[in-house]
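Comments concern the structure below.
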Amino acid sequence: MVEINLSFLLRLLADGLLIGFIYALMAMGLTLIFSVLRVVSFAHGEHYMIGGFAAYYLLETFTGLHPLVAILLAGSVTFAIGAVFERIFLRPLAEEKVERPGEYAILVTFGLGFFLQYLTLALIGPHPKKAARYFDLPAFELGPIKATAATLKLGTIPLSATRLTAAVIAVVLMLIMLYLIHHTWLGRGLRAVSQDKQAAAVVGINPLRMSTLAFGMGTMLAGMSGAALVPAFAWVPAVGAPAAVKSYVIIVLGGMGSIPGAMLGGLIIGVVEALGTGLLPDPNRAFAYRDAYGMLIFALVLLLRPRGLFGRQE
Amino acid sequence: MKRVDWRWVLTGGALVLALSAPLLLSGYPYWLHVAIVAYFYAILASSWSLLAGYAGQFSFAHMAFMAIGAYGSGLMGKYWGTTPLTGIVLSTLLAGLVGLVIGVLCLRLKGAYLALFTIAFSEVLRLTLNAELDITGGPNGLDLAPLLNTTSRVPYYYLMLALLLASLGFMYWLAGSRFGLFFRSIREDEEAAAAMGVHIVRYKVAAFVITAMIAGLAGGVEAHYIGLITPNILILGQMSIVIAMAVIGGIESLIGAAIGAILIQFSLELLRELGNWRLVAFGLLLMLTLRFARNGLIYPLIERLVLYQARRAVIEGREQKAKQVGEGA
Amino acid sequence: MMELEVRDVHLHFGGIRALNGVSFSVRGPELIGLIGPNGAGKTTLTNVISGVYKPSQGAVYLNGERISGLPPYQIARRGVGRTFQVTRAFRRMTVLENMLVPAMALHPAGRRQEFVDRAHEILRFLTMDHLALEYARSLSGGQQKLLELGRLLMLDPDLIILDEPFAGVHPKLRETIWEFITTVHQQGKAFIIISHDMETIFTLSQRLLVLNFGQLIADGPPEQVKDDPAVIEAYLGKEE
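See below:
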């Protein structure tokens, strides 16, 4: 039986929170798409995956490239993919020319995911790629806080520099998104369309353009999440699926369409996973079951309170 | 003058082809294997289209039920010493039972929520099968005893063909019965169906149980043919392939889905040199079919043929009647 | 004889009180109009009766049995049929199949041919028999409305709830629907009809229920309700 002491617990919590911020960023993208288009994108994981590869290859090709720029460019790539896809395949939904739109959206985004995953596999091959750490922490000591290039130690709690960087990037991006949504004209347009398409159209907002933008922004956020994490994990074309499933869990937990819900949900899932993994005695099985904890929460939420924490009651 | 009923011609031709395939392919046992796998996918695709295209339940748990059939029989053989036949029968029932539970849990879930929940179920099953190494063999999979006492593929070929024809026959009978009527009304408009007195709970759950059992049966037979089952069969990519086969074949047509599956499986094999690019093309085809040909690519051809015949028959019937009335006046 | 009792029904949605203590009874084949300003709760009330919503307080009884809380299909099977504000035929099924659904749902043992014959009979009454094999989605709006009414007859309910049957309907069709209602009513079925078409509903109904802000403010024959000051105020506002 593993000794549960405070330091171990805090370590798990810290790990969970850090990864939770990235989950939250990715889920934010998914929930943004849902709030404006009323569509759950089943290709979200693949944008995360492509973002990671885009960042990796950009950094490999342009050796002087700053990692943050690489992340931005990776986001642009996935933004473009999302916007083009929306324009061609989801436009009929926005124009309300589709019978049984719910089914169509599920199937066509699923198809996109399938297509993107195998396209990447065909272009890049199955061998995992791992990017080098983006930033080396400056070595210093300040009381209980010790930093080396790869790790920041708060007392006895080690935080990997890569995850820390990713978490910081995620937090910054989320703050930027929040600002965008609440304090800019663009954000106001998105919110208007998410509430009432026709009313938005009447006041001069183009709901079709907003739909394209929202989808693109959503996929951009997924891409940037991947780009931020590609130094942390071995990246393969199949890496999108588990990440996507986590996003679904998070948006259902937080409430579909709710951005605060996505953020809080991300943190909760990150922490739950970390705690769950750490607390199972057998390390091999614990790791294999890591994704299962989120699923359990997911199933419970769907059955007991489908609108999640902050979702609208349909 | 008797009009040629193309339905019978084509069906007959296809049956003759299918029945004589082992003879035609006698020098190419690999292709016989491809055919067996193709029939397996055809059973999965057509049963999925019954669940989704008829009853409107877009479940991603179909492969999970198939896996329950496979692993169930394998584990029963391993721990209880059951014969493959017994194992398959019992695990099919088990798949039905799990289908019942999932069906009940999914009653209040619609659209994306239903899809997500069934994905979650499938993933949890996959994770569990991967994790419990001692019991299931984990990622390396579980060995299964052969179903038939033979070294040739031919008996398995006929078995799978028979299974395909039997399940299609059963599903067609179901679709033509009140089950089919109620399934479709639920898909069209569940609220209106309820207002018309359709027992929503019973028929939604029935859709799950029936299709789960068909998938489980197919899974059990296939697993005992191949001799091995791994959790990889449960990855979402596999479910996507089945869905793509059903969509491209025609999601509202059982036979369209089945034919779609067979054609696609053979195409994938024929294009093996293209490696992963085959699936890229497949994915693109799926998206384009959804966008521009929602009834699928195979089904419209069938529709033109079958319904054309049916409509002609009705019109001719009416013309006859009108003639009789005219003559009687 | 059919008896429906709505007893002190309240319905809350979050902070909104959609229905605030509504009580009335329907005995036998009454022809009742349900009117009130927009947002008064008319459709909500019919949703409660037909089982789409469960009342937060109070209950609905049909022939002595408590039906509030049962799923909609159970209530439909007990003899309450309804239409929706927007026509909801089964679009990708044929007219005949649309008609067969309720009949086969209610009678597990019946023979399909009997139902087919009955369906044709009703379709002839609605002058739609020639469309029997057409898909519902290729019908005109008016024909779809008639199909919905035909479907109701196949359900053979004792109480029929119609939600805005005359909305957006051209005069010839209005006549057909009027005839449908009066004929079927004479055959012994009760009607609750929601309508904003004042002229029609006043002439058609034997009794009017007037709803405002989720409360029943009048219940009586049209001539009486017409002059009720509460009703006038609800529609036109207080006279200065």
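Residue numbers (the numbering used here), protein chains in the order written: chain A, 1289 to 1602; chain B, 1054 to 1382; chain C, 498 to 737.
Ideal Cβ placement from N, Cα and C applies to all residues, glycine included.
Here the structure is a predicted model, which is why all the values come from computation and not from measurement.
Report all residues from its chain with a CB closer than 7 Å to the CB of A/VAL1540; omit the five preceding and five following residues, and keep chain order. So the qualifying residues of the chain are PHE1586, VAL1589, LEU1590, GLY1596.
For the stretch 587–611 of chain C, which residues have a beta carbon sitting closer than 7 Å to at least one beta carbon of chain B? From the stretch 587–611 of chain C, only PHE587, ARG588, ARG589, MET590, GLU594, LEU597, VAL598, PRO599, MET601, ALA602, LEU603 have a Cβ closer than 7 Å to chain B.
For the alpha helix (DSSP H) that contains B/LEU1138, what are its first and last residues? 1137–1158 is the span of the alpha helix (DSSP H), which, as asked, contains B/LEU1138.
Give me the subset of the stretch 541–562 of chain C whose CB atoms are less than 9 Å from a CB atom of chain B, sorted by chain position. Going along the stretch 541–562 of chain C in chain order, one finds SER547, GLY548, VAL549 with a Cβ nearer than 9 Å to chain B.
Which chain A residues sit within Cβ distance under 8 Å of B/ALA1297? Those within 8 Å of B/ALA1297 in chain A are GLY1399, PHE1402.
For a contact defined as C-beta to C-beta under 9 Å, what are the partners of C/LEU705 on chain B? Result: empty, since nearest Cβ-Cβ is about 24 Å, beyond 9 Å.
How big is the Cα-Cα spacing for B/GLU1305 and B/TYR1081? Those two C-alpha atoms are separated by around 34 Å.
Just to confirm before moving on: does the CB-CB distance between A/GLU1561 and A/ARG1573 stay below 8 Å? The answer is no: Cβ separation not under 8 Å.
By how many angstroms is the C-alpha of C/LYS551 removed from the C-alpha of B/VAL1254? Rounded to whole angstroms, B/VAL1254 to C/LYS551 spans 18 Å at the Cα level.
In terms of residue numbering, what span does the beta strand (DSSP E) encompassing B/THR1064 cover? Element bounds for B/THR1064: not the beta strand (DSSP E) but the alpha helix (DSSP H), 1059–1077.
Who are the neighbours of B/LEU1049 on chain A, taking C-beta pairs under 9 Å? Outside the displayed span of chain B (1054 to 1382) sits residue 1049 of chain B, for which this structure offers no information.
Given a threshold of 16 other Cβ atoms within 10 Å of its Cβ, counted over all protein chains shown, does B/PHE1345 qualify as buried or as exposed? Classification of B/PHE1345: exposed, given that the 10 Å Cβ count is below 16.
Closest Cβ-Cβ distance between C/ALA573 and chain B: below 8 Å? Residue contact check for C/ALA573 against chain B: a CB pair falls below 8 Å.
In the DSSP assignment, what residue or residues form a beta bridge with C/GLY717? Beta-bridge pairing links C/GLY717 to C/LEU705.
How many angstroms separate the CA atom of A/PHE1598 from the CA atom of A/ALA1531? About 22 Å.
Using three-state DSSP, classify C/TYR570 as helix, strand or coil. Three-state DSSP puts C/TYR570 in a helix.
Neighbourhood of B/THR1135 by C-beta, 8 Å cutoff - its chain only, sequence neighbours within 5 removed: In the same chain as B/THR1135, and ignoring 5 residues on each side of it, the C-beta atoms closer than 8 Å to its own belong to SER1126, MET1129, LEU1143, in chain order.
Under the rule that 16 or more other beta-carbon atoms within 10 Å means buried, what is A/PHE1575, buried or exposed? Around the beta-carbon of A/PHE1575, fewer than 16 other beta-carbon atoms lie within 10 Å, marking it exposed.
Would you say A/LEU1588 lies against chain B (beta-carbon separation less than 8 Å)? Put simply, the CB of A/LEU1588 is far from chain B, with every gap to its CB atoms at 8 Å or more.
Contact check, C/VAL503 vs C/ILE546 under 8 Å by CB: the rounded distance? The Cβ separation is near 7 Å, so the contact holds.
Please list, in chain order, the chain B residues whose beta carbon lies closer than 7 Å to that of C/LEU652. Those are MET1249, GLY1250, listed as they occur along chain B.
Looking at C-beta atoms only, is the number of pairs between the stretch 1166–1179 of chain B and the stretch 1103–1119 of chain B that lie closer than 8 Å three or more? These segments touch.
When the Cα atoms are used, what is the spatial distance from A/LEU1381 to A/MET1498? Straight-line Cα distance between these residues: approximately 13 Å.
Is it right to say B/TRP1059 is buried, meaning 16 or more other beta carbons lie within 10 angstroms of its own, or is it exposed? So B/TRP1059 ends up on the exposed side.
Does A/PHE1428 have its Cβ less than 8 Å from a Cβ in chain B? Chain B, which has no Cβ nearer than 8 Å to the Cβ of A/PHE1428, makes this no.
Contact list for the stretch 628–656 of chain C against chain B, Cβ threshold 7 Å: Only those residues of the stretch 628–656 of chain C whose C-beta falls short of 7 Å from the nearest C-beta of chain B are listed: LEU630, ARG648, LEU652.
Please confirm if C/TYR570 has its CB atom under 8 Å from at least one CB of chain B. Using a CB distance cut-off of 8 Å, C/TYR570 counts as an interface residue toward chain B.
Taking 8 Å as the threshold (C-beta atoms), are A/THR1366 and A/ALA1516 in contact? No, the Cβ-Cβ distance between A/ALA1516 and A/THR1366 is not below 8 Å.
Listed by chain order, chain A residues near B/LEU1195 by CB distance under 9 Å: Correct list: empty, because the minimum Cβ distance to chain A is about 16 Å.
A/ALA1449 beta carbon less than 8 Å from that of A/ARG1421: Cβ atoms of A/ARG1421 and A/ALA1449: closer than 8 Å.
May I ask you to report which of helix, strand or coil DSSP gives A/LEU1247? Lying before the first or after the last residue shown, residue 1247 of chain A is absent from chain A, which here runs from 1289 to 1602.
Are any of the Cβ atoms in chain A nearer than 8 Å to that of B/ALA1246? No, because no Cβ of chain A sits closer than 8 Å to the Cβ of B/ALA1246.
Within-8 Å CB hit, B/GLU1241 to chain C: Chain C, which has a Cβ nearer than 8 Å to the Cβ of B/GLU1241, makes this yes.
So, for C/GLY512: in the same chain, excluding its five sequence neighbours on each side, which residues have a beta-carbon less than 8 Å away from its beta-carbon? Excluding sequence neighbours, C/GLY512 sits near nothing in its chain.
State the Cα-Cα distance for the pair B/GLY1233 and C/ALA600, rounded to the nearest angstrom. Roughly 14 Å separates the two Cα atoms.
May I ask you to list, following chain order, the residues of the stretch 1078–1101 of chain B that have a beta carbon less than 8 Å from some beta carbon of chain D? Given the protein chain composition of this structure (A, B and C), no chain D is represented.
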